[in-house]
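Trainee: Pasting in a structure now, in structure tokens, and then I'll have a few things to ask.
Pasting the structure below:
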């Protein structure tokens with residue numbers, strides 16, 4: 006596991022936690038410079054992607070995948086009980102708010118984290134894997150332990166145009182969640198970007 010940290014201008018600057026795939030963090034950090042108000046950034050990479058970020062076990066939904074191990078709860082406990090407090094203590098920060106963000110499966114994990122702990126004040130799910138089996142039903146029946154102040158959702162406008170029946174639900178599910186969060190009085194934004202799932206992931210995260 007690789008952890009990168011960039012401190013904001015003030016110890017109380019909001020902290021954004023991003024779970025990254027591969028070297029995504031290297032491309033993301035420069036893009037975020039000046040794009041959003043002053044913040045600290047904690048980027049975690051080197052994860053066992055399909056296992057560490059999936060909320061529960063699920064069968065493979067596309068070729069080349071061995072399925073999902075469902076270790077999201079275990080990783081979330083490590084993130085909130087060890088990684089976050091250690092970094093905050095080491096860097097001498099006292100963030101006024103902590104947000105979690107991610108792309109693809111990490112975007113799904115960001116929303117799952119809001120339902121599973123009170124460590125985060127909001128989330129950004131960018132092209133999130135909200136097609137994940139059972140997640141929409143899970144979200145409809147769970148309450149947030151702490152009401153988020155803001156949730157950002159984005160998707161590529163071609164992502165649902167697939168012959169895969171599971172992944173084809175992604176836009177419907179994303180729009181459903183957008184409506185649920187908005188009706189709860191949460192400041193929620195949904196952005197439909199041009200392109201498919203793989204177009205400009207770092208740029209979508211920085212937006």
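Residue numbers (the numbering used here): 6 to 212. Glycine residues also receive a C-beta, built at the ideal position from the N, C-alpha and C atoms.
When you compare only the Cα positions, how much space is there between residue 180 and residue 195?
Mentor: On the chain shown, position 175 is the one that residue 180 refers to. On the chain shown, position 190 is the one that residue 195 refers to. Between residue 180 and residue 195, the C-alpha separation is close to 8 Å.
Trainee: Excluding the 5 residues preceding and the 5 following residue 203 in the sequence, name in chain order all residues of the same chain whose CB lies nearer than 8 Å to its CB.
Mentor: By one-based count along the chain shown, residue 203 stands at place 198. With a pLDDT of 48 at residue 203, under the threshold of 50, the predicted position of this residue should be treated as unreliable, though the coordinate-derived value follows. Excluding sequence neighbours, residue 203 sits near nothing in its chain.
Trainee: In this structure, what does DSSP give as the bridge partners for residue 194?
Mentor: The residue given as residue 194 occupies position 189 in the chain shown. Answer is 157, bridged to residue 194.
Trainee: Determine which residues share a DSSP beta bridge with residue 131 and list them.
Mentor: Indexing the chain shown from 1 puts residue 131 at position 126. DSSP, once it has assigned bridges, lists 108 and 159 as partnering residue 131.
Trainee: Check for me: the beta strand (DSSP E) holding residue 48 runs from which residue to which?
Mentor: For the purposes of this step, residue 48 is identified with residue 43 of the chain shown, where counting begins at 1. First-last of the beta strand (DSSP E) with residue 48: 45-50.
Trainee: Who pairs with residue 219 in a beta bridge, going by DSSP?
Mentor: With the chain covering 6 to 212 only, the question about residue 219 has no answer from this structure.
Trainee: Which class does residue 92 belong to by DSSP, given the choice of helix, strand or coil?
Mentor: Taking the chain shown and counting its residues from 1, one reaches residue 92 at position 87. Helix at residue 92.
Trainee: Looking at the structure shown, is residue 20 part of a helix, part of a strand, or coil, going by DSSP?
Mentor: Locating residue 20 in the chain shown gives position 15, counting from the first residue. Looking at residue 20 - three-state DSSP - the assignment turns out to be strand.
Trainee: Report, in whole angstroms, the separation of the C-beta atoms of residue 114 and residue 58, which I expect to be a contact under 8 Å.
Mentor: Position 109 of the chain shown, counting from 1, holds the residue named residue 114. Position 53 of the chain shown, counting from 1, holds the residue named residue 58. Residue 114 to residue 58, Cβ: 4 Å. Contact.
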